[in-house]
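In the UniProt record's numbering, the protein residues as written are 1 to 557.
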């Protein structure tokens, strides 16, 4: 008899039984087996309902914040934006910086912003009411922005207050904060905007402007900021935006500092121009870059930490070749000096993790220490001339250090080890020099084929005259490479590649899915055993005269 016939027979018998007979059959079955079956069923139901129930566990304000973040969904996935623990609570341009405590930092003797000033240029946001507020911290690594998004629920709808800060990249004397309040609810939103005061600074009034002055080291500092409005009321179904600017100036005398700070503050009221110049400056610093595929293996570094560290470095150094007021002669001399970087970068790739180069930045002290470590590493690895261009040179040195690439007599060599090629990566924007100057930039994509063998794609466009000029050098370089044979590189081990892709070296299912598979198989085995036992014990069915008379000839007595 086939299994399908057996199953239909059992179902027919169960359907013909009345309720009392079914109850007696269940009671007659061993309770331990019933408990096991019930437990397996509950476990399977839990697996299928876990994913759907997690969405409803979010509070209303958390859902509001998640909805707000959908605007930057792509940037978050590509690690161009860091959220919360992956964010960097710091903005700066090398002339000054504002740390996670909101304190203004400047540099005195070192190249880092390690001097505390006890001045707090940013405004503090306090929302009136007892409603819970979801706070999301976000750093835009590409555009040099730090944002704090506060969302809360009123009348069943979402209201959000967004605070955006940046230290101007082209005009290093400006600090800008933009506060946007969105109130689509039927109620009024009330908040308080205030600035912490400091007794370390002398406060005075020049007309309607507030001037803050202090002597730091051998220089006099003067700061002029937009006064905080205090109480702010946003009516229902409205959006409001407030812009606050600070001009920060250091001069030999306090009179000069105060005069220049007032002049810069009055001339910096064109917000659109300031914003566009700032974004343009950050785009120039990202002309060279590096990216690597995400890895789940232990002790590996991914794009979130790489981009955050690069942002910290660029925010801590000035950019003298693109700052407002830089003369053409100064820019040319610095760029000429930066080309003399044949020794940059000597050493292995900086993709090794853990390392002091990739330490956390959750406190201002750790952040300053991180910048110090990178600058010292660049200096000792032959990148001193490249650092003369400030943040732009650091961006290129950062890319070369990750790829272990260095210049050798008008060509660039990449010295990545075999274990660095277990993941797909790419780098771009590294210039190529010749006797004619900069003849182009390099873009290299390193991929893995279906057999896990790395191969390289180089995308580069040069003028015909430039190719002719470097062709003799390439011919000589070919004769200087002494190898007996050139062949394809061996494929990487499958376990290593799978470790990066899934975090498991087995290449198969994870422990969780193995447990699920065993549970499902065990459940089906138990059900099959129940069916078989019921079929074998068919004669134990409670007495029914109709069935007894009908099948009496078929039953052995």
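From the three backbone atoms N, C-alpha and C, an ideal C-beta is built for every residue, glycine too. In this text, all values refer to a predicted model and were calculated from it rather than measured experimentally.
query	result
Could you work out which residue in 160, 332 and 315 is closest to residue 236 when comparing CA atoms only?	160
Nearest-angstrom Cα distance between residue 124 and residue 74?	30 Å
Touch check for the stretch 263-282 and the stretch 196-203: three-plus C-beta pairs under 8 Å?	no
To which residues of the same chain is residue 76 closer than 8 Å at the C-beta, ignoring the five residues directly before and after it?	69 and 83
When the Cα atoms are used, what is the spatial distance from residue 463 to residue 426?	Note that residue 463 scores 48 on pLDDT, short of 50, meaning its location in the model is unreliable; the coordinates nonetheless yield the value given after this. Near 23 Å, if we compare the C-alpha coordinates of residue 426 and residue 463.
Let me confirm a value: residue 234 is counted as buried when at least 16 other C-beta atoms fall within 10 Å, else exposed. Which label applies?	buried
Short of 6 Å in beta carbon distance, which residues of its chain neighbour residue 114, apart from the five on each side in sequence? Order them along the chain.	368
Would you call the CB atoms of residue 262 and residue 224 closer than 8 Å?	yes
Using the three-state DSSP reduction, which class does residue 277 fall into: helix, strand or coil?	helix
Between residue 429 and the ligand COA, is the CB less than 7 Å from at least one heavy atom?	Annotation note on the ligand COA: not contained in the displayed structure, which lists no ligands.
Give the straight-line distance between the Cα atoms of residue 97 and residue 348, rounded to the nearest whole angstrom.	31 Å
As an exercise, report each continuous alpha helix (DSSP H) stretch of at least 4 residues that is fully enclosed by the stretch 98-156, in chain order.	none
Going by DSSP, what residue range makes up the beta strand (DSSP E) through residue 246?	238-251
By Cβ distance, which residues of its chain are closer than 8 Å to residue 515, with the 5 residues on each side in sequence left out?	none
To which residues of the same chain is residue 307 closer than 6 Å at the C-beta, ignoring the five residues directly before and after it?	79 and 141
Counting along the chain, where does the alpha helix (DSSP H) carrying residue 413 start and finish?	Note, residue 413: premise wrong, no alpha helix (DSSP H); beta strand (DSSP E) at 412-414.
Give the straight-line distance between the Cα atoms of residue 392 and residue 441, rounded to the nearest whole angstrom.	15 Å
Can you tell me whether residue 108 is buried or exposed? The criterion is at least 16 other CB atoms within 10 Å of its CB, across all chains shown.	exposed
Please list the terminal residues of the continuous beta strand (DSSP E) segment that includes residue 81.	81-83
Checking 8 Å against the spacing of the C-beta atoms, do residue 288 and residue 396 come in under that value?	yes
Roughly how many whole angstroms lie between the Cα atoms of residue 332 and residue 157?	56 Å
Just mark residue 361 as buried or exposed, buried being the case when its beta carbon has 16 or more other beta carbons within 10 Å.	buried
State the start and end residues of the unbroken alpha helix (DSSP H) segment that holds residue 62.	60-69
Using only the alpha-carbon positions, how far apart do residue 192 and residue 129 sit?	11 Å
Compare the C-alpha of residue 194 against each of 102, 293 and 350 and name the closest.	102
Anyone know if the C-beta pair for residue 133 and residue 213 falls short of 8 Å?	no
Could you round the C-beta distance between residue 89 and residue 105 to whole angstroms and report it? I think they count as a contact, below 8 Å.	Contact flag wrong, Cβ pair sits at about 12 Å.
How about residue 254 and residue 220: do their beta carbons lie closer than 8 Å?	yes
Among the residues of its own chain, which have a CB less than 7 Å from the CB of residue 354, if the five just before and after it don't count?	299
Which same chain residues end up closer than 7 Å to residue 562 when comparing Cβ atoms and leaving out the 5 residues on each side of it in sequence?	With the chain running from 1 to 557 in the structure shown, residue 562 is simply not present.
Locate the alpha helix (DSSP H) running through residue 563, then write down its first and last residues.	In the structure as shown, the chain starts at 1 and stops at 557, and residue 563 therefore has no counterpart that could be examined.
Checking the sheet assignment: what are the DSSP bridge partners for residue 214?	221
Could you check the C-alpha separation between residue 56 and residue 139 for me, to the nearest Å?	Its pLDDT being 49, under 50, residue 56 is placed unreliably by the model, and the measurement read from it follows with that caveat. Looking at the two C-alpha atoms, the distance is approximately 28 Å.
If you drop the 5 nearest sequence neighbours on each side, which residues of the same chain put their C-beta closer than 8 Å to that of residue 238?	183
Check whether the Cβ atoms of residue 345 and residue 405 sit closer than 8 Å, and answer yes or no.	yes
Under a three-way DSSP split, which group does residue 322 fall into?	coil
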